[in-house]
Amino acid sequence: MEEEPCTVDPFVPRPSFIVMIVGSLMVRLLIRESRSLKDKRQVVQSIKDRLRNQFNVSVAEVEEQDNRQLAVLGFAMVSNEVHHVRTALEAIVAALRSHPVAEFLSYEMEV
1 MEEEPCTVDP
11 FVPRPSFIVM
21 IVGSLMVRLL
31 IRESRSLKDK
41 RQVVQSIKDR
51 LRNQFNVSVA
61 EVEEQDNRQL
71 AVLGFAMVSN
81 EVHHVRTALE
91 AIVAALRSHP
101 VAEFLSYEME
111 V
């Protein structure tokens, strides 16, 4: 049984534009106590899991994967409100600044 393609009803009023706000955040962290890539991976995975669950963001290690003490994480978030995205990304920065193991070095944010 074949499904019919989804079509848009021309008689249903639609907004003239759709708002989609995309925010991105790149954070550089120093993990001084890391003696191996395995140590680093444990800390990075813990950070990624906690922030993904707490803020509902996408997160990945985007650079310096082979450096045992430096981690660069990329975060992305989509919403229909600039304030929501900016607030969440700023809260992530604040959470990482106070992380007990990873030392916060710098960040770049775009909304």
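First residue of the sequence shown: 1, per this note's numbering; consecutive thereafter. Positions of the beta carbon are idealized from the N, C-alpha and C atoms, including for glycine.
Asked                                                                                                                                                                                    : Found
What is the residue span of the alpha helix (DSSP H) that V85 lies within?                                                                                                               : 82-97
First and last residue of the beta strand (DSSP E) that includes S106?                                                                                                                   : 103-110
Whole angstroms is fine: what's the gap from F17's alpha carbon to S24's?                                                                                                                : 22 Å
Just how far apart, CA to CA, sit L37 and I31?                                                                                                                                           : 11 Å
In angstroms, rounded to a whole number, what distance separates the CA positions of N67 and K40?                                                                                        : 9 Å
Identify, in the order they occur along the chain, each residue of the same chain with its Cβ nearer than 6 Å to the Cβ of T87, setting aside the five sequence neighbours on each side. : none
What's the C-alpha gap between L70 and H84?                                                                                                                                              : 29 Å
Which residues in the same chain as A60 place their Cβ atom closer than 6 Å to its Cβ, once the five residues preceding and following it in sequence are excluded?                       : G74
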